[in-house]
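All remarks here apply to the structure that follows.
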């Protein structure tokens, strides 16, 4: 098996050279340091290998190293990530599994475009042409290594001028525009940085400036979607959350956090207004809703997703659910939610008459463990919608559709 996936330590042997590069500035020409100097090389030769798919092993074993390889591959074709498969199972249940994780990427020209007849996109020239090129990078359990399976043959020429026109701009170009928008530059200033005169003078059939693209629509999109406050304060998510907790406490928020890079991670927060509303109007019933696998950035070491817990009461004015606290946990088990309920009870001093949740047994056990032996323990109710949904799902397994 190892012979079919030979180790390649020098990845430049397989990873294509980037489409774009920075054009040098002549000595006699003045150019702003933040100008768009990226140009595209047209007419290159796409990598060819003896076999399709081309299989090989790359250095490393972590998912971060797998992502770095995929990022290097995207310097040419902007591969679309198809899916991510996780097998975070105990060792006793790993029989039959070939890998811990698998990242799959497809060519952006995969499939065909079939717009509706009355759509404004009916005359749009689509990049989709049924291309089957793709690659997958996965962690092989038996060899404890990262393996790559690359179907490298395209049914179009990624190095052609036609592909440059109809496909998305390279990530380097998108990142440049995003940085200019985040710095607060208006469109007039960005346009001057895009249309640098000397860049246009070096254009030829083989070298085309990326500044010839249409950027205004993307500029407007980034302006509309721009986050006014930078949410990520540190590249390390745990450090970023720790910084946010300090700011929330300074603003009078109620927080509880366990910054552990494992299954015990949790981060709960409640504003002063939410706390007041809960104390005034939430003694009758607390409703707890769980949203599992709510994020996909996999910042924990074992690649686990995060569960979002929403604590709600009945809004005294409109009669709908009013969120009074949120919590993120790395686990949906009883041991993860019990400390959050303890925290809410001790920090607010409120005594609930009842608690309602979905049909997760872990929540019922958590409520019982928190209020065990307490004469004023709240009653626990199941949500009828979730119970009926679970009942119908179980019935279908025996009765069919």
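Numbering (our numbering), first residue to last: 30 to 430.
Backbone N, C-alpha and C define an ideal beta-carbon position, used for all residues, glycine too.
Since the structure is predicted, the reported quantities are computational estimates derived from the model, not experimental observations.
Taken through DSSP and simplified to helix, strand or coil, residue 361 comes out as coil. Taking the CA atoms as reference points, residue 320 sits about 21 Å from residue 330.
In the DSSP annotation of this structure, the continuous segment of the beta strand (DSSP E) that includes residue 296 starts and ends at 295-299. At a cut-off of 3 residues, the continuous stretches assigned as beta strand (DSSP E) that sit fully inside the region 389-414 are 408-411.
In the displayed model, residue 238 falls within a strand according to three-state DSSP. Across the structure, residue 143 and residue 152 are spaced so that their CA atoms are roughly 11 Å apart.
With distances taken between CA atoms, residue 239 lies nearest to 65 out of 399, 134, 169, 65. Taking residue 104 as reference, the option from 127, 111, 70, 88 with the minimal CA-CA separation is 70.
Note that the C-beta distance between residue 285 and residue 314 is not below 9 Å. Per DSSP, residue 319 is one residue of the beta strand (DSSP E) stretching across 314-320. If only uninterrupted alpha helix (DSSP H) runs of at least 4 residues are considered, those enclosed by the region 198-229 are 200-211, 216-223.
Buried is the label assigned to residue 338, since at least 16 other Cβ atoms lie within 10 Å of its Cβ.
A residue is called buried when at least 16 other Cβ atoms come within 10 angstroms of its Cβ; residue 424 does not meet this threshold and is exposed. At a Cβ-Cβ threshold of 9 Å, residue 166 and residue 83 do not count as neighbours. Boundaries of the alpha helix (DSSP H) around residue 248: 245-254. For residue 96, the enclosing alpha helix (DSSP H) covers residues 92-102.
Residue 72 sits in coil when the DSSP states are folded into three classes, being neither helix nor strand. Note: residue 334 is not bridge-paired with any residue in the DSSP secondary-structure output.
Check the Cα spacing between residue 348 and each of 360, 310, 327, 368: the tightest is with 310.
One thing to note: residue 107 has its Cβ within 9 Å of the Cβ of residue 196. In this structure, residue 365 lies near residue 292, with their beta-carbon atoms less than 9 Å apart. Between the C-alpha atoms of residue 335 and residue 234 there is a straight-line separation of about 50 Å.
Nearest to residue 413 by alpha-carbon distance, out of 230, 231, 387, 393, is 387. Listed as beta-bridge partners of residue 86 by DSSP are 36, 176. Nearest neighbour of residue 406 by Cα position, chosen from 40, 53, 374, turns out to be 374.
Across the set 73, 173, 307, 139, the C-alpha of 307 shows the shortest separation from the C-alpha of residue 380. In this structure, residue 219 and residue 248 form a Cβ contact; the two beta carbons are roughly 7 Å apart against a cut-off of 8 Å. Pairing residue 47 with residue 352, the inter-Cα distance amounts to about 48 Å. Beta-bridge pairing by DSSP links residue 67 to 51. Partner residues in the beta bridge of residue 285, as assigned by DSSP, are 297.
Taking the C-beta atoms as reference points, residue 332 is found no nearer than 9 Å to residue 341.
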